[in-house]
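In mature numbering (1 follows the signal peptide of the UniProt record, and there is no 0), the protein residues as written are -27 to -1, 1 to 141. Each residue gets a CB set at the ideal place from its N, CA and C atoms; glycine is no exception. All figures in this text were calculated on a predicted structure; none of them were measured in a lab. What follows is one structure encoded as structure tokens, with my remarks underneath.
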Amino acid sequence: MKIPLRHPAIGIPALLALALAGCGTNAAPPQTGLDEVDACFETSEGLIPVTLELATEHAQRQMGLMLRQTLPANRGMLFDYPESREASQGFWMYRTLIPLDIAFLDKERTIHTIRTMTPCPESQGQHCPVYPADHQYWSAVEMNAGFFSKKNIQPGDRLRIGRAACQD
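Shown next, in the form of structure tokens:
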């Protein structure tokens, strides 16, 4: 049975739009709208101000900076945990599009380990490497790759939270 196409000018674009709609990925958009906090890293050379998005809930920590195409300078994400995490419970970069540095911090927010992490595409799935902390930790901070070395932030330096905490 042949069905006549009465309005090809409308029908063809509509069919094309439907066909292309199925070509996208099923990935959720990057998370946005998280609370932010002013903070600074206390180093031997002084205070280095940053703005951090807060990932305090399980789902927020799980999503992290996945699918972000950029991260503005001096901005990052603070992952806070309600209890300590074992050194082997590291981070991975599954579906993360930009290279990142991560600093693992103890309960007093002193840095113990800093690592540079490379993006891992969705196609690699379970084969993405895990970046361990090498030390029990309570929180972690992700920043653009190279941030910690450029600012000379090292293990032993400390993260201060809040604008008032960053005043000398």
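| field | Between the CA atoms of Gln99 and Asp11 - distance to the nearest angstrom | value | Approximately 35 Å, taken between the alpha carbons.
| message | If contacts are defined as beta-carbon pairs under 8 Å, then Gln109 and Ala60 qualify, I think. What distance do you get, rounded to the angstrom? | response | With a Cβ gap of about 6 Å, Gln109 and Ala60 count as contacting.
| message | Extract the residue ranges of the beta strand (DSSP E) inside the segment 18 to 53, only unbroken runs of 3 or more that lie entirely within it. | response | Complete beta strand (DSSP E) runs here, min 3: 19 to 28.
| said: DSSP three-state label for Lys124, please. | reply: In this structure, Lys124 counts as coil in the three-state DSSP scheme.
| field | Reference Trp111; option with closest CA among Pro102, Gln140 and Phe52 | value | The shortest Cα separation from Trp111 among Pro102, Gln140 and Phe52 belongs to Phe52.
| Inter-residue Cα distance where the pair is Glu115 and Thr69 | Answer to the nearest angstrom: the Cα atoms are 12 Å apart.
| request: Pick helix, strand or coil for Ala118, following the three-state DSSP scheme. | output: In the structure shown, Ala118 sits in coil (DSSP, three-state: anything other than H, G, I, E or B).
| query | Who are Thr86's beta bridge partners in DSSP? | reply | Paired residue(s): Phe77.
| For the ligand GTP, is there a heavy atom less than 7 Å away from the beta-carbon of Gln35? | Because no ligand of any kind appears in the structure shown, any question about the ligand GTP cannot be addressed here.
| field | Where Glu95 sits in the DSSP three-state scheme | value | For Glu95, the three-state secondary structure derived from DSSP is helix.
| request: Can you tell me which of the three DSSP states Glu13 falls into? | output: Note on identity: in this sequence residue 13 is Cys, with Glu being the wrong assignment. Cys13 carries a strand assignment under DSSP once its states are collapsed to helix, strand and coil.
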